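>
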Amino acid sequence: MIPHDHPRYQSLVTREHLAECARSGIVSWEGLISHGRGEAFDYLLGEKTSDSARRAARVAAALLRTARYPVISVNGNTAALAAREIAGLQKASGALVEVNLFHRTPERVAQIESLLCDAGADVFSGEAERLLPLSHDRAWCRRDGMYRADVVLVPLEDGDRCGVLVEMGKKVIAIDLNPLSRTARTATLTIVDEVTRALPLIAEACATLSAEECRELVAMLDNRVFLKEAGIEMAGRLSHALD
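Numbering (the numbering used here), first residue to last: 2 to 244.
1. Between which residues of its own chain and R144 is the CB-CB distance below 7 Å, once the five residues before and five after are set aside?
2. Contact check, A88 vs A122 under 8 Å by CB: the rounded distance?
3. Quick check on the burial criterion: 16 or more other C-beta atoms within 10 angstroms. Buried or exposed for T191?
4. Just the Cα atoms here: how many angstroms apart are A84 and F125?
5. Does the count of Cβ pairs from the region 145-164 and the region 70-79 closer than 8 Å reach three?
6. Need the endpoints of the beta strand (DSSP E) that P4 sits in, please.
7. In its own chain, which residues sit with a C-beta less than 8 Å from the C-beta of S25, not counting the 5 before and 5 after it?
8. Only counting runs of 4 or more residues, tell me where the alpha helix (DSSP H) segments fall wholly within the region 59-121, in order along the chain.
9. What number of angstroms, rounded off, separates the C-alpha of Q91 from the C-alpha of Y70?
10. Which residues in the same chain as A68 place their Cβ atom closer than 6 Å to its Cβ, once the five residues preceding and following it in sequence are excluded?
11. Report the rounded CA-to-CA distance for R238 versus E128, giving the unit in angstroms.
12. With distances taken Cα to Cα, identify the nearest neighbour of S29 among D177, A220, V110.
13. In chain order, which beta strand (DSSP E) runs of at least 3 residues are fully inside the region 163-231?
14. In the structure shown, what three-state DSSP assignment does L154 receive?
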């Protein structure tokens with residue numbers, strides 16, 4: 002039992018949940034390491050959403066709203082942490098939801114799809130093909146899913162696939178707590194924030210932005226600004242903490 006008055010209560014509850022999801026096969030054991038790395042960067046943000054990330058979430062909503070064929074790509078960590086938030090964003094944006102895994106087995110794909118469906122998402126499933134030019138199992142996707150998309154939301158770190166999708170001419174929205182990662186630096190837009198905080202912000206903006214606001218936000222997009230602001234925020238908090 003984790004005592005409710007523990008200063009790291011929510012973090013410990015999340016870790017226990019992810020460990021249980023790893024035991025059941027939804028999360029890969031390697032995914033636990035990825036979560037820990039992201040949590041370390043979240044400390045540097047003060048475990049809260051910055052003003053810069055809030056603005057980036059609005060731009061993400063604008064990209065999804067103006068997309069011809071938007072897709073939300075979900076891995077095991079995202080499903081375990083934010084299945085309900087994914088369902089909410091799908092309803093707000095109209096995007097397809099598709100499971101894409103590095104540690105891929107048919108059983109694991111089915112587990113994650115079931116978890117998302119139970120949370121209220123309408124998951125695009127069916128026969129996958131090896132369509133992306135990658136040497137590992139993230140190459141598997143649906144021809145009428147991610148392969149067809151013009152905008153792909155990739156929650157959590159995934160550098161090589163992010164790069165390939167951009168090279169294919171797609172706009173990639175990343176949610177990544179590490180502004181130094183390949184994903185963050187390669188994506189069209191990076192929201193430097195924790196996934197369960199970022200997804201509702203995108204969904205809210207999808208529901209409130211006007212068509213004109215969407216066009217203006219997309220036209221002004223410069224991911225380097227968001228990455229720089231995230232770095233300044235983290236460095237400032239670290240410097241202040243050590244004074």
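Every residue gets a Cβ at the ideal spot worked out from N, C-alpha and C, and that includes glycine. If you're wondering where the values come from, they're calculated on a predicted model, not measured in any experiment.
According to the data block:
1. So the list reads E130, L132, once near-sequence residues are dropped.
2. 4 Å
3. buried
4. Note on geometry: alpha-carbon atoms of A84 and F125 lie some 14 Å from one another.
5. In short, these stretches touch, since the Cβ pair count reaches three.
6. No beta strand (DSSP E) holds P4; DSSP gives it neither H nor E.
7. Contacts found: Q112.
8. Fully enclosed alpha helix (DSSP H) runs of 4 or longer: 77-94, 107-119.
9. 12 Å
10. D151, V152
11. 47 Å
12. V110
13. 172-176, 190-192
14. strand
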